[in-house]
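Q: The structure that follows is given in the form of structure tokens.
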Amino acid sequence: MKQEKTKPTEDPRPARILVVEDEPNMVAGLRDNFEFEGYEVLTARDGIEGLERALQESPDLVVLDVMMPRMSGLEVCRQLRAKRASIPIIMLTARGQEVDKVVGLELGADDYVTKPFSIRELLARVKAILRRTAAVPKQQDQHSFGDIEVDLHRRRVVKSGKALDISSKEFELLQYFICHSGETLSRDRLLEEVWGYENYPTTRTVDTHLVRLRQKLEPDPEQPQYFLTVHGTGYRFVG
Numbered sequence: 001m002k003q004e005k006t007k008p009t010e011d012p013r014p015a016r017i018l019v020v021e022d023e024p025n026m027v028a029g030l031r032d033n034f035e036f037e038g039y040e041v042l043t044a045r046d047g048i049e050g051l052e053r054a055l056q057e058s059p060d061l062v063v064l065d066v067m068m069p070r071m072s073g074l075e076v077c078r079q080l081r082a083k084r085a086s087i088p089i090i091m092l093t094a095r096g097q098e099v100d101k102v103v104g105l106e107l108g109a110d111d112y113v114t115k116p117f118s119i120r121e122l123l124a125r126v127k128a129i130l131r132r133t134a135a136v137p138k139q140q141d142q143h144s145f146g147d148i149e150v151d152l153h154r155r156r157v158v159k160s161g162k163a164l165d166i167s168s169k170e171f172e173l174l175q176y177f178i179c180h181s182g183e184t185l186s187r188d189r190l191l192e193e194v195w196g197y198e199n200y201p202t203t204r205t206v207d208t209h210l211v212r213l214r215q216k217l218e219p220d221p222e223q224p225q226y227f228l229t230v231h232g233t234g235y236r237f238v239g
């Protein structure tokens, strides 16, 4: 059933959503609801087609089923992150197992929804991610530390003049650290503010993403200068 229509974004160009799903009824339902909300919808019927369309079309967001023919959603997520890191991904899983959710998030997915799900819930997740990727404070468009330059508006990170591959969630975490420089941030706060949950399956995903940021941005990831661990509490950014 279609939900009450709300305004999805402030961008005059409708956001484009790629739905990678092999169940025709699910595809039809998602297309109807997304189009009713004002989004442009692209579809793919298997993992290989989904990856190809994502790379060719550069959608604003991908809704990706885990269980896909020809190539699993997890493998699509992994390859898409390696080749087009900035595209947000919401994983759909029917398994209901925490391990699938954790693996998907560690591969770089921005969010997950377990089948069967409420279309209202999925729409809320989509809008939240599109809001976060679009909304950057005007006064904080640029930030630099060490040999790192961050363009928050264009979602671009450059190290020593070379653009880095940064996943959508890694960038959102970096942006949150920059906007709260000097503050000690608990894992629970980071999960709530960056991932959008008060109750999350594990805080390990924060640690995993933080390790990746250190590997990409720190001169010596083993002895971090910018992303500091506050033992027993969380992390602090001092860049």
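Every letter in the sequence shown is one number past the one before it in the UniProt record's numbering, and letter 11, counting from 1, is 11.
Just so you know, even glycine gets a beta-carbon here, dropped at the ideal spot from N, CA and C.
1) Just to confirm before moving on: does the CB-CB distance between ARG45 and ASP22 stay below 8 Å?
2) Spell out a yes or no on whether the region 62-73 and the region 33-49 are touching, meaning 3 or more CB-CB pairs, one atom from each, closer than 8 Å.
3) To which residues of the same chain is VAL66 closer than 8 Å at the C-beta, ignoring the five residues directly before and after it?
4) Which one of PRO14, ALA109 and ILE17 has the shortest CA to CA distance from THR208?
5) Suppose you measure from the CA of LEU228 to the CA of PRO221; what does that come to, to the nearest Å?
6) With respect to the beta strand (DSSP E) encompassing GLN142, which residues constitute its N-terminal and C-terminal limits?
7) Beta strand (DSSP E) containing THR43: first to last residue?
8) Rounded to the nearest angstrom, what separates VAL230 and ILE129 at their Cα positions?
9) Pull up the CB-CB distance for THR205 and GLU57, whole angstroms please, since I reckon it's below 8 Å.
10) Inspect the beta-carbon positions of VAL158 and ILE166 and report whether they are closer than 8 Å.
11) ASN199: buried (16+ other C-beta within 10 angstroms of its C-beta) or exposed?
A: Looking at the atomic coordinates:
1) yes
2) yes
3) SER72, GLY73, LEU74, MET91, LEU92, THR93, ALA94, ARG95, ASP100 and GLY104
4) ALA109
5) 10 Å
6) 142-145
7) 40-44
8) 28 Å
9) With a Cβ gap of about 28 Å, THR205 and GLU57 do not count as contacting.
10) no
11) With a pLDDT of only 47 at ASN199, under the threshold of 50, the placement of this residue in the model should not be trusted, and no figure is reported.
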